[in-house]
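What follows is a short report on a single structure.
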Amino acid sequence: MAVPVTMHCMVPDVASKGGSGKAESQLRKGVLEYCVLGLLRTGARYGVELLEVLGTVNVMTTSQGTIYPLLARLRRDGLVDTTWQESPSGPPRRYYMLTPQGEAALAEFTEIWPHFRDAVDRFITD
Amino acid sequence: MKTVEHPLAVAYLEAVAREAAALAPERRNELLADLTEHIAVAFAERPARNEAEVKAVLDRLGDPRTIVATAREGETIVLPVSKWHSLAPLILLPVAGLLGVVNPVLGGIAMIAGVVLLWAAPHWSRRDKIIGTVATLPVPIALAGMAFTAATTAPLDPGLLTLVAPSVLVPAAASVYLLRAGRRMSS
Chain A
862 MAVPVTMHCM
872 VPDVASKGGS
882 GKAESQLRKG
892 VLEYCVLGLL
902 RTGARYGVEL
912 LEVLGTVNVM
922 TTSQGTIYPL
932 LARLRRDGLV
942 DTTWQESPSG
952 PPRRYYMLTP
962 QGEAALAEFT
972 EIWPHFRDAV
982 DRFITD
Chain B
10 MKTVEHPLAV
20 AYLEAVAREA
30 AALAPERRNE
40 LLADLTEHIA
50 VAFAERPARN
60 EAEVKAVLDR
70 LGDPRTIVAT
80 AREGETIVLP
90 VSKWHSLAPL
100 ILLPVAGLLG
110 VVNPVLGGIA
120 MIAGVVLLWA
130 APHWSRRDKI
140 IGTVATLPVP
150 IALAGMAFTA
160 ATTAPLDPGL
170 LTLVAPSVLV
180 PAAASVYLLR
190 AGRRMSS
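Here the protein sequences line up with chains A and B, keeping their order.
The working numbering puts the first residue of the first sequence at 862, with every later residue one more than the last.
The working numbering puts the first residue of the second sequence at 10, with every later residue one more than the last.
Written out as structure tokens, the structure reads:
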């Protein structure tokens with residue numbers, strides 16, 4: 862997913878204070894779930910693994926824990942399914958995978974996103 | 010749920026549990042189970058467990074308040090409704106007409122209590138409440154009819170049945186509808 866990698870470190874969540882992180886926080890709220898669905902496109906992943914990948918771009922997670930309510934909602938909405946798998950090290954992992962519904966939601970987003978991105982670019986650049 | 014033993018992690022999960030008190034119980038348990046699993050897995054993947062590393066895992070997870078706030082955003086507002094409150098109007102409204110046969114005043118009290126509880130309950134929409142209230146209309150008609158006929162005719166007048174039947178059946182049908190509507194709203 863084409864996400865600009867910014868050079869700053871962990872961004873404190875200042876959305877509630879209406880500071881410089883507000884735009885970022887609101888954008889993240891809108892697109893994070895599709896990034897998660899996008900990450901599951903190539904196969905099942907478990908929570909910590911998802912967060913590691915999301916953490917490679919600084920804009921996508923500030924507080925890692927907030928991904929879990931999101932994953933729970935995706936589960937409830939039937940966009941992802943989960944299975945437990947044993948691991949050679951430590952406890953079993955809960956793997957998340959796309960359901961056909963999740964694939965459809967991702968396909969829809971993938972279709973809309975370039976138009977959306979271009980439209981925003983048009984308005985905010987000369 | 011996997012066990013997490015480190016005191017810092019335990020304290021962190023307790024803080025989450027405290028913040029999550031406002032969530033519906035199953036959402037709270039789900040969140041705690043997910044975070045517990047995360048911590049257990051994160052510890053397992055970086056086995057050297059000094060305090061700084063434990064702290065780093067917890068810091069990355071973030072402020073319990075932020076996490077719970079995110080969980081609340083995704084939650085359709087589920088206000089705690091006692092079972093009693095959600096059932097009482099559904100029982101009172103159909104029973105009001107029957108009670109009226111015995112005593113119109115008692116029937117009237119049951120009807121008013123039923124309507125008040127119906128409107129006070131948070132888990133029905135305005136539309137559902139109006140449906141429930143309109144369905145109660147045969148009750149005061151029946152009560153008035155009974156109060157009137159009780160003075161003039163025998164209590165088991167067949168004419169009375171035509172008044173009592175709709176005052177029980179119509180609210181009963183509405184109760185069945187409201188029971189389903191209430192479940193839909195709170196799920």
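The beta-carbon is built from N, C-alpha and C at its ideal position, and this holds for glycine as well.
The structure presented is a predicted model; accordingly, all values stated were derived computationally and were not measured.
Any chain A beta carbon closer than 8 Å to residue i
| i | result |
| --- | --- |
| His15(B) | no |
| Leu70(B) | yes |
| Glu46(B) | yes |
| Lys11(B) | For Lys11(B), the pLDDT reaches just 45, beneath the cut-off of 50, and the residue's location in the model is therefore unreliable, although a value from the coordinates is still provided. Chain A, which has a Cβ nearer than 8 Å to the Cβ of Lys11(B), makes this yes. |
Residue i - partner residues in DSSP beta bridges
| i | result |
| --- | --- |
| Leu959(A) | Val941(A) |
| Tyr998(A) | Residue 998(A) lies beyond the stretch modelled for chain A, which goes from 862 to 987, so this question has no answer here. |
| Gln946(A) | Arg954(A) |
Where residue i falls, given that 16 or more other Cβ within 10 Å makes a residue buried
| i | result |
| --- | --- |
| Gln925(A) | buried |
| Thr861(A) | Past the edges of chain A, shown from 862 to 987, lies residue 861(A), and the structure says nothing about it. |
| Gly71(B) | buried |
| Asp137(B) | buried |
| Leu188(B) | exposed |
| Val920(A) | buried |
| Leu915(A) | buried |
| Pro133(B) | The sequence given here places Trp at residue 133(B); Pro does not occur at that position. Per the 10 Å Cβ criterion, buried. |
| Ala29(B) | buried |
| Gly904(A) | exposed |
| Ala49(B) | buried |
| Leu101(B) | buried |
| Leu985(A) | The identity of residue 985(A) in the sequence shown is Ile, whereas the question assumes Leu. By the 10 Å Cβ count, Ile985(A) comes out exposed. |
| Gly109(B) | buried |
| Ile973(A) | exposed |
| Glu23(B) | exposed |
| Ala61(B) | exposed |
| Phe977(A) | exposed |
| Glu14(B) | exposed |
8 Å Cβ cut-off: residues of chain A touching residue i
| i | result |
| --- | --- |
| Arg192(B) | The premise fails here: Arg192(B) is roughly 16 Å from chain A at the closest Cβ pair, so nothing lies under 8 Å. |
| Ala49(B) | Gly951, Pro952 |
| Glu54(B) | Val909, Ser950, Gly951 |
Contact with chain B by residue i, beta-carbon distance below 8 Å
| i | result |
| --- | --- |
| Gln946(A) | no |
| Gly882(A) | no |
| Val909(A) | yes |
| Arg983(A) | no |
| Arg1033(A) | No information on residue 1033(A) is available, as it lies outside the stretch 862 to 987 that chain A covers here. |
| Arg955(A) | yes |
| Leu967(A) | no |
| Gly879(A) | Legend: pLDDT at Gly879(A) = 45, less than 50; position of this residue unreliable, value from coordinates given subsequently. It does not; no Cβ of chain B falls within 8 Å. |
8 Å Cβ cut-off: residues of chain D touching residue i
| i | result |
| --- | --- |
| Ile76(B) | Although the question refers to chain D, the structure presented lacks it and instead comprises the protein chains A and B. |
Contact set between residue i and chain B, taken where Cβ atoms lie within less than 8 Å
| i | result |
| --- | --- |
| Ala933(A) | Arg36, Glu39, Leu40, Asp43, Ala80, Gly83 |
heavy atom of the ligand SAM below 7 Å from residue i C-beta
| i | result |
| --- | --- |
| Glu14(B) | Questions concerning the ligand SAM fall outside what the structure shown contains, since it holds no ligand whatsoever. |
Could you tell me which whole alpha helix (DSSP H) segments of length 4 or greater appear in the region 115-181 of chain B? Taken in chain order, the complete alpha helix (DSSP H) segments of 4 or more residues contained in the region 115-181 of chain B are 135-145, 147-161.
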